[in-house]
Amino acid sequence: MKNVNLWKTGGGIVGLVLLFVILVALNIIVSQMKLRVDCTEEKLYTLSEGTKQLLKKIDRPITLKLFFSSSEPQVPVFIKTYAKIVRQLLDEYRMLSRGKIRIEEYDPKPDSEAEDWAGRYGVTGQQIGGLFGPKMYFGLVAVAGDTDATLPVLDPNDHERLEYNISRMIARLINTQKPVIGVMSKLPVLGAEVPPYMLQPGMKAPQPWVAFKELKEDYVVRDVSPTVSEIDKDISTLVVVHPKDLSDEALYAIDQFVLRGGSLIVFVDPLCLVERETSGSQSFMPMKTSSDLNKLFSAWGIGYNPDKVVADMRAASRVQTAPGKIEENAAWLSLDRRSINAKDVLTAKLESIMLPFAGVFRDETSPDITVTPLLTSSASAGMVDAMTAFFGASSINREFKKEGKQLYLAVRLSGKFKTAFPNGKPEKTEEDKSKNEKSQSDTEKKTDEKKVEESLKEGVNKSVILVADVDMLYDRFCVQEINFFGFKGERPFNDNLNFFVNAVEQFASGPELSAIRTRGKYERPFDRVLELEEKAREKWYAMEQELVNKLQQTQSQLQELERQKDKTQKVILSNEQKEAIMRFKQEEMRIKEELKIVRRNLRRDIERLGVKVKVINIALMPFLVAVAGVSFGIYRRRKR
Numbered sequence: 212m213k214n215v216n217l218w219k220t221g222g223g224i225v226g227l228v229l230l231f232v233i234l235v236a237l238n239i240i241v242s243q244m245k246l247r248v249d250c251t252e253e254k255l256y257t258l259s260e261g262t263k264q265l266l267k268k269i270d271r272p273i274t275l276k277l278f279f280s281s282s283e284p285q286v287p288v289f290i291k292t293y294a295k296i297v298r299q300l301l302d303e304y305r306m307l308s309r310g311k312i313r314i315e316e317y318d319p320k321p322d323s324e325a326e327d328w329a330g331r332y333g334v335t336g337q338q339i340g341g342l343f344g345p346k347m348y349f350g351l352v353a354v355a356g357d358t359d360a361t362l363p364v365l366d367p368n369d370h371e372r373l374e375y376n377i378s379r380m381i382a383r384l385i386n387t388q389k390p391v392i393g394v395m396s397k398l399p400v401l402g403a404e405v406p407p408y409m410l411q412p413g414m415k416a417p418q419p420w421v422a423f424k425e426l427k428e429d430y431v432v433r434d435v436s437p438t439v440s441e442i443d444k445d446i447s448t449l450v451v452v453h454p455k456d457l458s459d460e461a462l463y464a465i466d467q468f469v470l471r472g473g474s475l476i477v478f479v480d481p482l483c484l485v486e487r488e489t490s491g492s493q494s495f496m497p498m499k500t501s502s503d504l505n506k507l508f509s510a511w512g513i514g515y516n517p518d519k520v521v522a523d524m525r526a527a528s529r530v531q532t533a534p535g536k537i538e539e540n541a542a543w544l545s546l547d548r549r550s551i552n553a554k555d556v557l558t559a560k561l562e563s564i565m566l567p568f569a570g571v572f573r574d575e576t577s578p579d580i581t582v583t584p585l586l587t588s589s590a591s592a593g594m595v596d597a598m599t600a601f602f603g604a605s606s607i608n609r610e611f612k613k614e615g616k617q618l619y620l621a622v623r624l625s626g627k628f629k630t631a632f633p634n635g636k637p638e639k640t641e642e643d644k645s646k647n648e649k650s651q652s653d654t655e656k657k658t659d660e661k662k663v664e665e666s667l668k669e670g671v672n673k674s675v676i677l678v679a680d681v682d683m684l685y686d687r688f689c690v691q692e693i694n695f696f697g698f699k700g701e702r703p704f705n706d707n708l709n710f711f712v713n714a715v716e717q718f719a720s721g722p723e724l725s726a727i728r729t730r731g732k733y734e735r736p737f738d739r740v741l742e743l744e745e746k747a748r749e750k751w752y753a754m755e756q757e758l759v760n761k762l763q764q765t766q767s768q769l770q771e772l773e774r775q776k777d778k779t780q781k782v783i784l785s786n787e788q789k790e791a792i793m794r795f796k797q798e799e800m801r802i803k804e805e806l807k808i809v810r811r812n813l814r815r816d817i818e819r820l821g822v823k824v825k826v827i828n829i830a831l832m833p834f835l836v837a838v839a840g841v842s843f844g845i846y847r848r849r850k851r
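Using this note's numbering, the letters of the sequence shown correspond one by one to residues 212 to 851.
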């Protein structure tokens, strides 16, 4: 009996040792294998289809050179971890490139040849470990023949765009001929050259907006004057931003550009905050900062009112109006995935868009034009006067009326466009005519006459993108500054920049990059929480409106009593005035108490929902495992 027990004990120990050896061996084997399984629903850790299509276009060998200070002991652990992720991703590029991509890694030690090469390529060393600490290099260079592209710094905080940035470098080496993008704007979106003597002390010349700096990386960006009479033939895509008070001649140039097959992206605005900022206006009174292309819009069957902005209670943003004062502004739109077209390739992966004081497009098109909404409001939205919206949330809430349907904030028009100038090129002003007659020869006049005869009346099948907001492109509304060990840059905090660059990329260079740009960023919002907040917010606004209306009624009543008051009365209030004030104060207290109840109920419902989610996440899975274990145990016992 003892021998049997000893045999069982020894056999158990041997079994455990064998199991341990098998597990260790299996771990070593698997760690050496290039085996990766992406279990995420969106396949966030697999190269996108856009990258795969791009890699098929490689027609010459490309070398990806990773510069990383791997031997430097002071490099933070989180950066070393990120370097492993970068290496794994680069290895995927190599495997899918059909032998066209080679990976090289360099450790730029002080005074080494690798450090010299890093400097030549533009990979910048970042100081770590204090002022006199060593330099850390962490950048990537793509080289094909005598051309190269560089990512000077690989920032772990920008990991969402890692695949896009690498694929973008490869695309630059594939497409050596940069497309020409025209930019027409009344705002300094491309920056401005200002002589130093014209700048006040401490002032800087206007810098290009980040959205347009991004374009310059991949395209030839050409400034197109708002007074132009013809768009250059080599411009494939035209971006028009804030076309305020354009002449018929400039409108005709845009019209003919579209009809000849050019791609057009237009940003108009009923209340442009950027114009007010860049104009240097210190007035608290609103100035007219609207823009439109209504002559062209009408010809295309699009309605647009440059004096109205959208207010949407569901998309209201928290806006700081003064130090310590924050209000919910329904005209300052923060759109989530419910307002973004998930079926259009341009917007399919976008999740959040900010549109301060946007306008609306109405579909009044003919059967020749198809309107595809890209960004919309909720059915809770309505229109308010732009000048009213300027004065803040209280003014907006007073005028707001729900329209009961979704409103179009950005649209794609597709089809055959008709000219807005059926009679040909518009007549010039008398002043322009006299100038031209003096400067033009007979040959040039005949050429002009020929151009009038050749005016296009209808175009080929084409697409135009219209957006009813300009401010969304301004740095303050789309990016935040970052500092990675001394390297300064910008990082998007919403998808405004992605929307813009996607639109340009689709027209100018194909859909591959736009399909990659927004990968790695995936959120699943709690729809029930959003629904609760929306309902409570609507009720809150209704109560606030009630309070404001009663305030106005009481003030009118007080003014009426003031007119009826005896002239000898100065400060003394009549009994009627005292009673009116008392009634209003009591009403105000009642409504404020109801507001507290609404907010308290909102917090309670959200907290309850949060507890349920935590219980499901924390307790449900262990409970299911326990149930499965007990069930399996019962099954085995019954089987015996």
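No residue lacks a Cβ here, since even glycine has one placed at the ideal position from N, Cα and C.
Non-local C-beta neighbours of A329 in its own chain, meaning closer than 6 Å and more than five positions away in sequence, comprise F278, P319, Y348, ordered along the chain.
Residue range 707 to 719 is occupied by the alpha helix (DSSP H) that includes L708. The beta-carbon separation of A542 and V595, rounded to 7 Å, stays under the 8 Å limit for a contact. Rounded to whole angstroms, F628 and K673 show a C-alpha spacing of 8 Å.
Within the same chain, and ignoring the five residues on either side of E316 in sequence, the residues whose Cβ sits closer than 6 Å to its Cβ are L277. DSSP lists A355 as the beta-bridge partner residues of T358. Between the alpha carbons of A600 and E486 lies a distance of about 16 Å. When the alpha-carbon of L265 is set against those of D302, S308, P287, V477, the nearest one is in S308. In this structure, the CA atom of G350 is about 6 Å from the CA atom of V334.
Assigned with DSSP and collapsed to three states, N516 falls in coil, not helix or strand. The C-beta distance from S436 to G473 rounds to 17 Å, too long to fall under 8 Å, and the pair is not in contact.
Separation of S842 and L237 (C-alpha to C-alpha, rounded to the nearest whole angstrom) is 30 Å. The count of Cβ pairs closer than 8 Å, one atom from the stretch 477 to 485 and one from the stretch 517 to 524, reaches three, so the stretches are in contact. The beta-carbon distance between R271 and A382, rounded to whole angstroms, is 14 Å. This is too long to meet the 8 Å contact definition.
With respect to the 8 Å criterion, G626 and D579 are classified as neighbours on the basis of their beta carbons. Sorting D369, A360, E428, A621 by C-alpha distance to the C-alpha of I551 places A621 at the top. In the same chain as D359, and ignoring 5 residues on each side of it, the C-beta atoms closer than 7 Å to its own belong to Y332, V352, A353, in chain order. V439 and V450 have their alpha carbons spaced roughly 14 Å apart. Remark: fewer than three beta-carbon pairs, one from each stretch, lie closer than 8 Å, so the stretch 574 to 589 and the stretch 684 to 695 are not flagged as touching. Restricted to the stretch 364 to 398, the beta strand (DSSP E) segments that are unbroken, complete and at least 3 residues in length are 391 to 396, listed in chain order. Within its own chain, the residues whose Cβ lies closer than 7 Å to the Cβ of E303, once the five positions on either side in sequence are excluded, are L258, listed in chain order. Under a 10 Å Cβ-count criterion, F704 is classified as exposed, with fewer than 16 other Cβ atoms of the shown protein chains found around its own Cβ.
In this chain, G670 is not harboured by any alpha helix (DSSP H); it is covered by the beta strand (DSSP E) spanning 669 to 678. Residue nearest to S528 within the set N386, Q617, F568, S501 is F568 (criterion: CA-CA distance). Here DSSP, grouped into helix, strand and coil, assigns M347 to strand.
Of L401, P454, V452, the smallest CA-CA separation from V432 is found for L401. A buried status is given to G512, since no fewer than 16 other beta-carbon atoms sit within 10 Å of its beta-carbon. M800 sits exposed, since fewer than 16 C-beta atoms from the chains shown fall within 10 Å of its C-beta.
Each residue's CA atom was taken as its position, placing H453 and P419 some 15 Å apart. Annotation for K311: I269, P272, I273 place their beta carbon closer than 7 Å to its own, counting only its chain and skipping 5 residues before and after. The count of Cβ pairs closer than 8 Å, one atom from the stretch 556 to 565 and one from the stretch 704 to 717, reaches three, so the stretches are in contact. Under the DSSP assignment, Y463 falls in the alpha helix (DSSP H) whose first and last residues are 459 to 470. Note that the C-beta distance between A597 and S490 is not below 8 Å.
Rounded to the nearest whole angstrom, the C-alpha separation of N368 and V286 is 16 Å.
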